[in-house]
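Numbering (the working numbering), first residue to last: 1350 to 1512. Encoded as structure tokens, the structure appears first; notes follow it.
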């Protein structure tokens, strides 16, 4: 009896793992470097942009990233990851508000979008679309936050048409 209960338990665990793997496989894997070209980014930012460098995390739940060099001292990074259970826009905004980053809503982009600004002329645009969480980080020492936000929004609009 104990042996059959152990067998049943092991089979149940394997079934749950297989189900989770099948659900993850059903989510289309996206290469963030393929979502926007350097020319498209350059057109919107108005500065030279070098080809993106991919960053694939060992844990697929952490997502995949791509970083572009903007001009000589700036950068533009894209992170695309699956949205996790409990990872809601409200919860993430509350977390940033606790860190005194003052999230600013951006209506009309994705299912939900908002900006945060960690300082150092860095602007982050957080967007939730379907089951994905997309994070842009734009850092350009020559550009103030208020000037960077509309540019990040234009880039996100373009990217969302490709997901």
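C-beta: ideal position from N, C-alpha, C; glycine also. Since this is a predicted model, take the numbers as computed values, not measurements.
Annotated three-state conformation of residue 1451 is coil, per DSSP. Going by DSSP, residue 1498 is part of the alpha helix (DSSP H) stretching over 1494 to 1509. Between residue 1476 and residue 1459, the C-beta spacing is below 7 Å.
C-alpha of residue 1461 to C-alpha of residue 1412: approximately 19 Å in a straight line. Secondary structure at residue 1391: helix, using DSSP grouped into helix, strand and coil.
By DSSP's assignment, residue 1484 forms a beta bridge with 1428 and 1475.
When 1472, 1380 and 1502 are compared, the shortest CA-CA separation from residue 1445 is found for 1472.
Its Cα nearest to that of residue 1426, the residue 1487 stands out among 1392, 1487, 1452 and 1397. Of the candidates 1434, 1450 and 1485, the residue whose Cα lies closest to the Cα of residue 1498 is 1485. By alpha-carbon distance to residue 1467, the top candidate from 1406, 1489 and 1479 is 1489.
DSSP lists 1477 as the beta-bridge partner residues of residue 1461. Of the other Cβ atoms in all chains shown, 16 or more fall within 10 Å of the Cβ of residue 1432; this residue is therefore buried.
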